[in-house]
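Undergrad:
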Amino acid sequence: MESNSPSALGEDYLDVPVGLVKSVARLQGHLISVGVASLISLREVDYGSVVESFEFIKFRFGGNLGLIKNVLNSFAASQLNQLERLSDFSKHRDPVGAAAVLHAMRGTCGTMGAQLLSTFAGELEHRLIHDDEESQLYMLADESLVDLLRELIVFSDKILKNMFDVSV
């Protein structure tokens, strides 16, 4: 059993909010129907697909739990700041700027172990780089993407802080 599964975390695990699951499913269906993104990795959202295992994240940080906790103290705030930048680029219909922000988010979230968030940011980045201009502009106008990213940031942050015993 993976250590990041709810049963492995005991009573302190966080249930995946129903609203988040529904948002991801609705958004995935919407994006696939208009050909904006495949988002195959978002097919099923459960606790284990949101973040990587405790052991894997700990290994990535060289076993330094203090460093992980320190990074987690600013993780959500820094990613929410990135969302503000993404919103600005979206308002100005700038797919290159928006893709750059999503690239940065993908990397930071991937390093921190927020795998669903990293994957989603990467899918959006890919679409902004490779889709035609009409699809790019459609994505930039779709405010639900930023809303979903915000939900994923908050939820991933809660899971990671719970996992590493950081005050929420």
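Residue numbers (the numbering used here): 272 to 439.
Where a beta carbon is used, it is the ideal one built from N, C-alpha and C, also for glycine.
All figures in this text were calculated on a predicted structure; none of them were measured in a lab.
(1) Quick check on the DSSP output: the alpha helix (DSSP H) that includes R421 runs from which residue to which?
(2) What is the rounded straight-line gap between the Cα of S415 and the Cα of K432?
(3) Any contact of the region 359-376 with the region 327-341, i.e. 3+ C-beta pairs under 8 Å?
(4) Look up G384 in the DSSP assignment and say whether it is helix, strand or coil.
(5) If you reduce the DSSP assignment to three classes, tell me which class N335 lands in.
(6) Kindly indicate which three-state DSSP category R398 falls into: helix, strand or coil?
(7) Starting from the C-beta of A347, find all residues in its chain whose C-beta is less than 7 Å away, skip the five residues before and the five after it, and write them out in chain order.
(8) Can you give me the C-alpha to C-alpha distance between L387 and N341, rounded to a whole angstrom?
(9) Does the Cβ-Cβ distance between L420 and A392 come in under 8 Å?
(10) Relative to the ligand GTP, is the shortest distance from any of its heavy atoms to the C-beta of F360 smaller than 7 Å?
(11) Check whether the Cβ atoms of A370 and E396 sit closer than 8 Å, and answer yes or no.
(12) Looking at C-alpha atoms only, which residue of G381, N344, L351 is the closest neighbour of S445?
(13) Compare the beta carbon distance of L343 and L357 with 8 Å and say whether it is the shorter of the two.
TA: From the atom records:
(1) From DSSP, the alpha helix (DSSP H) with R421 extends over 414-434.
(2) S415 and K432 have their C-alpha atoms some 26 Å from each other.
(3) Cβ pair count under 8 Å is below three, so no.
(4) Three-state DSSP puts G384 in coil, outside helix and strand.
(5) Coil at N335, not helix or strand.
(6) Note: R398 maps to helix in three-state DSSP.
(7) Correct list, in chain order: I424, V425, D428.
(8) In a straight line, the C-alpha of L387 is about 21 Å away from that of N341.
(9) Their beta carbons are under 8 Å apart, which means L420 touches A392 by this criterion.
(10) Questions concerning the ligand GTP fall outside what the structure shown contains, since it holds no ligand whatsoever.
(11) A Cβ-Cβ contact shorter than 8 Å links A370 with E396.
(12) The question about residue 445 has no answer, for the chain in this structure spans 272 to 439.
(13) No, they are not a contact pair.
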